[in-house]
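One structure is given below, encoded as C-alpha cells.
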Amino acid sequence: ISAVLCVTAVRGHWAVTYTSTQVCAIKGSTVNIQCSYRYPSSIRGHDTEVQETFWFTKGTNTEPVDLKTQSEYSGRVQYQCEDKTCTLTIRDLRETDSAQYKFRFITNEPTGKYSGSPGVSLSVRGNMLSQSVHHGAVATVPVTLTCHSSCQLPDHTSYVWYRNEQKAEGEKRYFHLQTVDPADRYYCAIKGPEGFPSSPVYGPKLLSVSVSPSAEIVEGSSVTLTCSSDANSAANYTWYKRNHTLLSKEPQLLFSSIQSSDSGEYYCTAENDLGTSTKNMLIDVKYPPRLLSVSVSPSAEIVEGSSVTLTCSSDANPAAKYTWYKENQKLIHGPEGTYQFTSISSEDRGTYYCRSENQLGQINSESLFIDVKCK
1 ISAVLCVTAV RGHWAVTYTS TQVCAIKGST VNIQCSYRYP SSIRGHDTEV QETFWFTKGT
61 NTEPVDLKTQ SEYSGRVQYQ CEDKTCTLTI RDLRETDSAQ YKFRFITNEP TGKYSGSPGV
121 SLSVRGNMLS QSVHHGAVAT VPVTLTCHSS CQLPDHTSYV WYRNEQKAEG EKRYFHLQTV
181 DPADRYYCAI KGPEGFPSSP VYGPKLLSVS VSPSAEIVEG SSVTLTCSSD ANSAANYTWY
241 KRNHTLLSKE PQLLFSSIQS SDSGEYYCTA ENDLGTSTKN MLIDVKYPPR LLSVSVSPSA
301 EIVEGSSVTL TCSSDANPAA KYTWYKENQK LIHGPEGTYQ FTSISSEDRG TYYCRSENQL
361 GQINSESLFI DVKCK
C-alpha cells in the first residue's frame, strides 16, 4: 500500500527511479517494491553490460549485502528484473522487515557500480486496521462504524465488513447499523488481503463481579468490589447500590472501613457504544452484638406467684445467642433471649443480667434488680 511517487537518483547518465518513497504493509502479507534504472550505453568505447542486480538494506564495511544472502530473509525474497526494471517481492512480512530498501546494479566496467539513494522506506504494521464507533449507542439507536488504517490508503480502497463471521453488505470505510445487538462482533478488512482483518468491536460480555477478600466480610475491614468484562472498545463501568444513587465510575468500588449499613445488593454496569451489561452481587457485613437492652414484664410491682418475663435483645450479625445470669449463676442459654418465671417466688429476688454473643464478640447488659413482694 503506497502512494505513487517517482523518485530518481542520478549521477550523470546513471540513475535509479523508485515508484514510491514509502510503502506501508501488513504483517504476514506480501509487498512489491519496484524501480527502474539506466546507465551509459558505452564507457570509453566499450559497451556497458549489467552483470548483477540486487536489493539491500545494509552493508559490510560499506559494501552492500544482497538481501538473498541474509538468513532473516531466507525463502521470502524474490527479484524480477528485466528491461531495466526490477521488482523486489517480500513474502510473509515481519515487523522486523521495516527498513530502508535500496537497489544496486553492477556493470562490466570497474567503476560501473551504482546504488539508488535514498531508497524506499518500508513500514510493516502488526495490526493495520482498527475501528471506531460514532454516536452513542444502545440496542435500538443507529450507530456508524469507521474502519481506520495505520497506513495511508488510496481514496479508492474498498473494504469488507463482517458481522460475526458473515460478510455484510457495503464496501465503504463507514458501516451504518440501525440496531445493535451487544452479542454481535463487527470487524473490517481491506478488500483483497482479507486475511488480515481489524480487531473486532463488540459490546460487553462475560461480565463478572468479585469481592476481595472472598472470605467473611467483617465490619471495619477493607473490602473491594471488582467488575470486569470482555469488550472492544473498552467498557466504562458504573457501580451503584439497589435503590441508591451512583457510587463509582471505576471498575473497582472500595470500602476502606466497611459498615453494617453497607450491606445490601450492588450492581455493576459495563457499557460501551455497542451495548450494556449488568450484574449484581450481595454484600453481607458481619459484626458483633451491640445496642443490648433488657426489660422486665410486667413493668409494675412484681407480686409473689405472678408470671414474670425477662427479655434481652441486641443487634448482631450473625444473630446472637443469649444467656441470662442471676448473680453470676447461669440460668438459660439460647437464641430467644427470654427467661420466664411462671410463678415467681421471694427466692427469685435478686440481681440479673444478660449476655449477648456471636462468633465475633460478646457484650453484657446492665444489671437488673428484681424485687418480689409478698401477697
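All the letters of the sequence shown, read from the start, carry residue numbers 1 to 375 under UniProt numbering.
From the three backbone atoms N, C-alpha and C, an ideal C-beta is built for every residue, glycine too.
Treat the numbers as computed from the prediction; the structure is a model and nothing was measured.
Cβ of G75 versus every heavy atom of the ligand FMN: is any distance shorter than 7 angstroms?
The ligand FMN is absent from the structure shown, which contains no ligands of any kind.
Quick one, are the C-beta atoms of V65 and F105 less than 8 angstroms apart?
With contacts defined as CB atoms closer than 8 angstroms, V65 and F105 fail to qualify as a contacting pair.
Hey, how far is the Cα of E63 from the Cα of V23?
Here the alpha carbons of V23 and E63 stand approximately 25 angstroms from one another.
What separation, rounded to the nearest whole angstrom, lies between the Cα atoms of S20 and Q252?
Distance between the alpha carbons of S20 and Q252 is about 51 angstroms.
Of all the options L368, Y202, Q178, which has the alpha carbon lying nearest to the alpha carbon of N272?
When L368, Y202, Q178 are compared, the shortest CA-CA separation from N272 is found for Y202.
For a test of the three-state rule: what should DSSP assign to E357, helix, strand or coil?
It is a strand residue.
Could you tell me which whole beta strand (DSSP E) segments of length 3 or greater appear in the UniProt domain "Ig-like" (289-369)?
If you keep only unbroken beta strand (DSSP E) runs of at least 3 residues inside the UniProt domain "Ig-like" (289-369), you get 308-317, 321-326, 329-334, 338-341, 350-358, 361-364.
Whose C-alpha, out of K286, L274, T53, Y237, is nearest the C-alpha of I217?
Looking from the CA of I217, the closest CA among K286, L274, T53, Y237 belongs to K286.
Contacts around Y39, its chain only, beta-carbon distance under 6 angstroms, and the 5 residues preceding and following it disregarded
Taken in chain order, the residues that qualify are W14, T48.
Where S158 sits in the DSSP three-state scheme:
In this structure, S158 counts as coil in the three-state DSSP scheme.
What's the C-alpha gap between G305 and N358?
Taking the straight line joining both Cα atoms gives about 35 angstroms.
Of the residues T89, S115, E95, I43, the one placed nearest G59, counting alpha carbons only
Selected option, being the one with the closest Cα: S115.
Beta strand (DSSP E) segments (min. 3 residues) lying fully within the UniProt domain "Ig-like" (204-284):
Within the UniProt domain "Ig-like" (204-284), the complete beta strand (DSSP E) runs of at least 3 residues are 223-232, 236-241, 246-248, 252-255, 264-272, 275-283.
How do the region 220-229 and the region 244-262 stand: do at least 3 beta-carbon pairs fall below 8 angstroms, yes or no?
Between the region 220-229 and the region 244-262, the count of C-beta pairs closer than 8 angstroms reaches three or more; the two stretches touch.
Could you tell me if V303 is buried or exposed, where buried requires 16 or more neighbouring beta carbons within 10 angstroms of its beta carbon?
Here V303 is exposed, its C-beta having fewer than 16 other C-beta atoms within 10 Å.
From this set, H333, A235, L93, which residue's C-alpha is nearest T30's C-alpha?
For T30, the nearest C-alpha among the options comes from L93.
Quick check: the Cα distance between K373 and E347, rounded to an integer number of angstroms?
One Cα belongs to K373, the other to E347, and the distance between them is close to 11 angstroms.
Pull up the distance between the alpha-carbon of C354 and that of E366, whole angstroms please.
Going from the Cα of C354 to the Cα of E366 covers about 8 angstroms.
State the Cα-Cα distance for the pair E72 and Y37, rounded to the nearest angstrom.
Spanning the two alpha carbons is a distance of roughly 27 angstroms.
By DSSP, does E95 sit in helix, in strand, or in coil?
Helix at E95.
Based on the DSSP secondary-structure assignment, which residues constitute the bridge partners of Q80?
Residue pairing for Q80: DSSP places it in a beta bridge opposite T87.
Look up L67 in the DSSP assignment and give the residues it is bridged to.
Residue pairing for L67: DSSP places it in no beta bridge.
In the structure shown, what three-state DSSP assignment does A137 receive?
Caution is warranted here: a pLDDT of 43 is assigned to A137, below 50, making its placement in the model unreliable, and no coordinate value can be reported.
Quick one: what's got a C-beta closer than 7 angstroms to A9's C-beta in the same chain, skipping five residues either side?
Because the pLDDT at A9 is just 45, under 50, the model does not fix this residue reliably, and the point stays unresolved.
Using three-state DSSP, classify Y174 as helix, strand or coil.
Strand.
Can you give the Cα-Cα distance for D230 and L207, rounded to whole angstroms?
C-alpha separation (whole angstroms): 7 angstroms.
Exposed or buried, which one is P318 when buried takes at least 16 other CB atoms within 10 Å?
Within a 10 Å sphere around the beta-carbon of P318 sit fewer than 16 other beta-carbons, which makes this residue exposed.
C-beta contact flag for K205 and S297 at 8 angstroms
No.
Straight-line Cα distance separating S345 from L368:
Going from the Cα of L368 to the Cα of S345 covers about 17 angstroms.
Where DSSP assigns a beta bridge to C188, which residues make up the other side?
Beta bridge pairing from DSSP links C188 with W161.
Select from T146, G119, Q178, R44 the residue whose C-alpha is nearest the C-alpha of G112.
Cα-wise, what sits closest to G112 is R44.
Under the DSSP definition of a beta bridge, which residues are partnered with T107?
The partner list for T107 (beta bridge, DSSP) reads V50.
Residue range of the beta strand (DSSP E) that Q22 falls in?
22-26 is the span of the beta strand (DSSP E), which, as asked, contains Q22.
Residue range of the beta strand (DSSP E) that T62 falls in?
Segment: none, T62 is in no beta strand (DSSP E) and carries neither H nor E.
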